[in-house]
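Residue numbers (our numbering), protein chains in the order written: chain C, 308 to 481; chain H, 308 to 481.
Below you can see the structure in the form of structure tokens.
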């Protein structure tokens, strides 16, 4: 659950509450990683149960659901440091259901796949248009820029492949 | 569980048994998607419980674990056709724990991240060296070649980004 560590890192940078943490996550990580706002509350609960963050204040919000402000515990700071120094295996290469369907497609499936590839091209192009983001805040760190470039580099690669795949299947379909 | 459909597609192309299906999967999909051989048996069991494949013969193997040969049922053929014509949303852009760690790293973490990036570069380079594969069998279809090119295109993009990220963090570390 990498999200848990990201939330912990945000809280460590500056105390925060649920929705504000979602906004700070999106500002840092960019539109390529859409964080479902409802995912942040279970993550905070889990972090609190694990003793990594603690609620330090309640304020604002509504009487039934006040905003809860979180800060890291000493244990949380240690866990964050360990995560930031962790090593992991290289991730698996790109893999998707679409790749499998292309691998097993027969000629009668090519038209549907071509339509699917074209839809993905439109979707990926729209996302790529959101990069590069403006870097107009002090929090526009080297890390933020590197994550953005990772997304953009892979989106461009994906678009190149989608166009190739579509052309190949259209050719075969003739 | 896309694997289930891939196994169904393989069985539909030609009746097969467990380990042989793993080999046919790897031949089609390539080294970028390492299929754990032990994953194929639960997938076959699930397909049989769902009525999509049926065991048509037992032969060879050992007395305690004979080879079971599978073939698709009519229901399985319908399900396969539906899968091959399915559409899905474009996959999420690349995301990994490493990206999050880079986004939240402080200068004291840069050395560890540089080492991690270098390790991933070595791993991805080694995998990329396995492409392009030889296309020396009749089963070297357009689909097989397209899946290979998807993996190779993304590996090259990842390598470009890893080198950029490493250079950026090394620069900051000076």
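Note that CB positions come from ideal geometry on N, CA and C, so glycine has one too.
Our contact map puts residue 291 (chain C) next to residue 360 (chain C) with C-beta atoms below 8 Å; I'd like the distance itself, whole angstroms only. Within the shown structure, residues of chain C are numbered from 308 to 481, placing residue 291 (chain C) beyond reach of any answer.
Helix or strand or just coil, what does DSSP make of residue 398 (chain H)? coil
Using DSSP's beta-bridge definition, name the partner residues of residue 414 (chain H). Residue 414 (chain H) pairs with nothing; no bridge assigned.
Name the residues in the segment 401-428 of chain H whose C-beta lies less than 8 Å from a C-beta of chain C; which are they? 401, 402, 403, 404, 405, 406, 407, 408, 409, 410, 411, 412, 413, 416, 419, 422, 423, 426 and 427
On a Cα-Cα basis, can you pick out the residue from C:409, C:381 and C:478 that is closest to residue 393 (chain H)? Of C:409, C:381 and C:478, the residue nearest in Cα terms is C:409.
According to DSSP, is residue 361 (chain C) helix, strand or coil? Strand at residue 361 (chain C).
Select from the segment 368-397 of chain H all residues with a C-beta closer than 9 Å to any C-beta belonging to chain B, and list them in chain order. Judged by its chain identifiers, the structure shown contains no chain B, and its protein chains are C and H.
Give me the subset of the segment 329-350 of chain C whose CB atoms are less than 7 Å from a CB atom of chain H, sorted by chain position. Within the segment 329-350 of chain C, the qualifying residues are 335, 336, 339 and 340.
What residue range is occupied by the uninterrupted alpha helix (DSSP H) comprising residue 322 (chain C)? Taken as a continuous stretch (DSSP letters only), residue 322 (chain C) belongs to no alpha helix (DSSP H), as it is neither H nor E.
Give me the chain H residues within the contact set of residue 432 (chain C), using Cβ-Cβ distance strictly less than 7 Å, ordered along the chain. Result: empty, since nearest Cβ-Cβ is about 10 Å, beyond 7 Å.
Extent of the continuous alpha helix (DSSP H) run through residue 348 (chain H): 347-356
Under three-state DSSP, which class holds residue 295 (chain C)? Because chain C here runs from 308 to 481, residue 295 (chain C) falls outside it and cannot be looked at.
How do the segment 423-436 of chain C and the segment 394-414 of chain H stand: do at least 3 beta-carbon pairs fall below 8 Å, yes or no? yes
Name the residues in the segment 465-481 of chain H whose C-beta lies less than 8 Å from a C-beta of chain C; which are they? 465, 467, 468, 471, 472, 475, 476 and 479
Checking 7 Å against the spacing of the C-beta atoms, do residue 387 (chain C) and residue 457 (chain C) come in under that value? no
Quick one: is residue 439 (chain H) near chain C, going by C-beta distance under 7 Å? no
Note down, in chain order, every chain C residue with its Cβ under 7 Å from the Cβ of residue 451 (chain H). 410
For the pair the segment 461-468 of chain H and the segment 463-476 of chain C, tell me if three or more CB-CB distances fall below 8 Å. As far as the Cβ criterion goes, the segment 461-468 of chain H touches the segment 463-476 of chain C, which means the pair count is three or higher.
When the Cα of residue 350 (chain H) is compared with those of H:309, H:372 and H:453, which residue comes out closest? H:309
Could you pull out every residue in the same chain whose Cβ sits closer than 7 Å to the Cβ of residue 333 (chain H), ignoring the five residues on either side in sequence? 342
Determine the contact status of residue 377 (chain H) and residue 460 (chain H), defining contact as a CB-CB distance below 7 Å. no
What does residue 379 (chain H) pair with, by DSSP beta-bridge criteria? Residue 379 (chain H) pairs with H:360.
Report the rounded CA-to-CA distance for residue 418 (chain H) versus residue 369 (chain C), giving the unit in angstroms. Rounded to whole angstroms, residue 418 (chain H) to residue 369 (chain C) spans 45 Å at the Cα level.
Does DSSP put residue 392 (chain H) in a helix, a strand or coil? Residue 392 (chain H) falls in the coil class under three-state DSSP.
Do residue 476 (chain C) and residue 421 (chain C) have their CB atoms nearer than 7 Å? Their beta carbons are under 7 Å apart, which means residue 476 (chain C) touches residue 421 (chain C) by this criterion.
Is the distance from the Cβ of residue 347 (chain H) to the Cβ of residue 363 (chain H) below 7 Å? no
If you reduce the DSSP assignment to three classes, tell me which class residue 374 (chain H) lands in. strand
Which listed residue (C:357, C:406 and C:414) has its alpha carbon closest to that of residue 452 (chain H): C:406
Please state if the CB of residue 469 (chain C) and the CB of residue 424 (chain C) are separated by a distance shorter than 7 Å. yes
In angstroms, rounded to a whole number, what distance separates the CA positions of residue 448 (chain H) and residue 356 (chain H)? Taken atom to atom, the span from the alpha-carbon of residue 448 (chain H) to that of residue 356 (chain H) is near 31 Å.
Quick one: is residue 454 (chain C) near chain H, going by C-beta distance under 7 Å? It does: the Cβ of residue 454 (chain C) has a partner Cβ on chain H nearer than 7 Å.
Pairwise C-alpha distance: residue 335 (chain C) and residue 438 (chain H): A straight-line Cα-Cα distance of about 35 Å links residue 438 (chain H) and residue 335 (chain C).
Quick one: using the 10 Å Cβ neighbour count with 16 as the cut-off for buried, is residue 412 (chain C) buried or exposed? buried
Please list, in chain order, the residues of the segment 310-326 of chain C that have any C-beta partner in chain H closer than 7 Å. 312, 313 and 316
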